[in-house]
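Student: Residue numbers (UniProt numbering): 1 to 531. Idealized CB from N, CA, C, for every residue including glycine. It should be emphasised that the depicted structure is a prediction, and the values quoted were computed from it without experimental measurement.
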């Protein structure tokens, strides 16, 4: 077949294009275009948010090699490089020498931080120091009981013997403490019946309930025998067993009630109300002195009620004595002189009074107030929660400054015993002051570190003396925030740290009036008994 000139030219162009395609290696592109033109089955994919375009910019390197930098510097400036190396080595040797030397003088603990100079180590150390600082105020002497015992072994034979006796105390075993729920709500007061057999523990709670636990009852082996009664409408501030087979309870609702255990009758003994407004005066504490009942209020007053007389429908201003201008957290009566009382208050003071001499109040900011004679005053950094008086004229107080303060007024140091103080006596203080300035003349002979930071959900810790110890050893009990009970003698020596199987802080605590049995109540109404 003879091709025309036109066809020859066309064929020549085709051959050139094919060679060009081969040269450019575009055959694979052709295959991909043909493949993409063929329809494929679509796959289901999860809808994802389209990422915004990020503008790429040159980023400086996060690290720089000191070795590479050093090599470069050594090449470019060898003399300067050698000088820097010598200076760094000298500084390193000087730091090592300083670490081997003894520290002289006082330092802020932050100045003694060790570690590298980068921010991470310093931040970690700082957080650790903050934690240590926060724990510094949350320790108690009782936390170191085992160490104290080890160091003091053989120094005091009588104290060591008493400690061994307390070592033999064990948690009540018949029932699990979690099953001994004596009140509905948080326990606010607790007491032991004085009987040594057929024992009874009574406790009050924040809702006004009174719980009674018959400890030695054997009628039911499945559960403890507990009775809960609604005695009051508010917080039960105090529970006490009276000699006439009665349980006396006071409350923030202003009432003092008596529960007769034999007749099984509950009656109101008296009710405190404001003379001017008629509003209830919450009772913070009470003590029985023969036929008299002494009471203190949440607003700082004192009232004496004679049970042989009918209660007054409404108190008069003369019936109330002003002891503090703020809440009285606790008070106690000198067991050797019933006219002497000690009070502790939210106003940060502990005071001792003589009830035999009453006159116009000179220390109160309220007008037209009457007060007994003030023997003396002790001022704390924070509020004082309680004060308790023992048979040897010793007092113990504690509060939110995280200390237990012990006072001794039995005359053993050559001073006049408190039972001989006249009705106008005032012990000398650091300086002579005149009313209305309060004397700061009551001085504790020792202070014990004790964590009292209970917070909102745990009842206030209060130290309380054993009323009539059969062994003749004056001792007091206070709960430990590390879930235990601490017992001390009147010299401030710790005698016991009871924490066996205690699952919560037994914040409200008491010793049996005569026997060395201890009981504590928790925020959930549970009771821990050591016998």
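(1) According to DSSP, is residue 438 part of a helix, a strand, or is it coil?
(2) Report buried or exposed for residue 84, applying the criterion of at least 16 other Cβ atoms within 10 angstroms of its Cβ.
(3) Could you spell out where the beta strand (DSSP E) holding residue 340 opens and where it closes?
(4) Determine whether the beta carbon atoms of residue 284 and residue 329 lie at a separation below 8 Å.
(5) Which of the three DSSP states is assigned to residue 143 in this structure?
(6) Can you list, in chain order, the residues of its chain with a C-beta nearer than 7 Å to that of residue 512? Leave out the 5 residues immediately preceding and following it.
(7) What first and last residue would you give for the beta strand (DSSP E) that runs through residue 366?
(8) Check residue 209 in the structure and name its three-state DSSP category.
(9) Check whether the Cβ atoms of residue 360 and residue 380 sit closer than 8 Å, and answer yes or no.
(10) Return the CA-CA distance between residue 19 and residue 11, expressed in angstroms with no decimal places.
(11) When DSSP labels each residue in this structure, what does residue 294 get in the three-state scheme?
(12) So, helix, strand or coil for residue 408, using DSSP?
(13) Can you give me the start and stop residues for the beta strand (DSSP E) that residue 287 sits inside?
(14) Is DSSP giving residue 92 helix, strand or coil here?
(15) What residue does the alpha helix (DSSP H) around residue 357 start on, and which one ends it?
(16) Inspect the CB distances between the segment 425-437 and the segment 500-510 and report whether three or more fall short of 8 Å.
(17) Determine the closest residue to residue 325 out of 88, 410, 351 and 293, with distance taken between C-alpha atoms.
(18) With a threshold of 6 Å on Cβ separation, who are the neighbours of residue 242 within its own chain once the five nearest residues in sequence on each side are excluded?
(19) Determine the DSSP secondary structure at residue 257, reduced to helix, strand or coil.
(20) Any idea what DSSP makes of residue 377, helix, strand or coil?
(21) For residue 374 and residue 150, I'd like the C-alpha separation in whole angstroms.
(22) Let me confirm a value: residue 281 is counted as buried when at least 16 other C-beta atoms fall within 10 Å, else exposed. Which label applies?
(23) Please list, in chain order, all residues of the same chain as residue 437 whose beta carbon is under 8 Å from its beta carbon, the five residues on each side excluded.
(24) Could you check what DSSP says for residue 322 in three-state terms: helix, strand or coil?
(25) Quick check: the Cα distance between residue 174 and residue 287, rounded to an integer number of angstroms?
(26) Does the segment 486-496 come within contact of the segment 179-187, defined as at least 3 CB pairs closer than 8 Å?
(27) Would you kindly work out how many angstroms separate the C-alpha atoms of residue 509 and residue 400, rounded to a whole number?
(28) Starting from residue 237, trace the beta strand (DSSP E) both ways and give me its first and last residue.
(29) In terms of residues, what are the limits of the beta strand (DSSP E) holding residue 225?
(30) Tell me which residue opens and which closes the alpha helix (DSSP H) that residue 165 is part of.
(31) I believe residue 187 touches residue 207 by the beta-carbon criterion, under 8 Å. Please report the beta-carbon distance rounded to the nearest angstrom.
(32) Looking at residue 385 and residue 461, is the spacing between their C-beta atoms short of 8 Å?
Tutor: So, from the listed chains and residues:
(1) It is coil, neither helix nor strand.
(2) That one is exposed.
(3) If you look at residue 340, you'll find it in the beta strand (DSSP E) that goes 340-345.
(4) Contact flag set, yes.
(5) Reduced to three states, the DSSP call for residue 143 is helix.
(6) Close CB contacts of residue 512 within its chain, under the 7 Å cut and outside five residues either way in sequence, are with 192 (chain order).
(7) Per DSSP, residue 366 belongs to no beta strand (DSSP E) and is neither H nor E.
(8) If DSSP states are grouped into helix, strand and coil, residue 209 belongs with the strands.
(9) Annotated as distal: residue 360 and residue 380, with beta-carbon spacing of 8 Å or more.
(10) If I take the Cα positions, the gap works out to 13 Å.
(11) Secondary structure at residue 294: strand, using DSSP grouped into helix, strand and coil.
(12) It is a strand residue.
(13) For residue 287, the enclosing beta strand (DSSP E) covers residues 283-289.
(14) Annotated three-state conformation of residue 92 is helix, per DSSP.
(15) Residue 357 -> not in any alpha helix (DSSP H); beta strand (DSSP E) instead, spanning 349-360.
(16) Verdict: no, contact absent.
(17) Per the C-alpha coordinates, the member of 88, 410, 351 and 293 positioned closest to residue 325 is 351.
(18) The residues are 248.
(19) Strand.
(20) Here residue 377 sits in strand by DSSP.
(21) Spanning the two alpha carbons is a distance of roughly 43 Å.
(22) So residue 281 ends up on the buried side.
(23) Correct list: empty, nothing qualifies.
(24) Three-state DSSP puts residue 322 in a strand.
(25) When rounded, the distance between both Cα atoms is 33 Å.
(26) With the rule of 3 Cβ pairs closer than 8 Å, the segment 486-496 does not count as touching the segment 179-187.
(27) Looking at the backbone, the Cα of residue 509 and that of residue 400 are separated by about 17 Å.
(28) Where residue 237 is concerned, the enclosing beta strand (DSSP E) stretches over 236-242.
(29) 225-230 is the extent of the beta strand (DSSP E) around residue 225.
(30) Judged by DSSP secondary structure, residue 165 falls within the alpha helix (DSSP H) whose first and last residues are 157-167.
(31) Between residue 207 and residue 187 the Cβ distance is about 11 Å, and since that is not below 8 Å, they are no contact.
(32) The beta carbons of residue 461 and residue 385 sit closer together than 8 Å.
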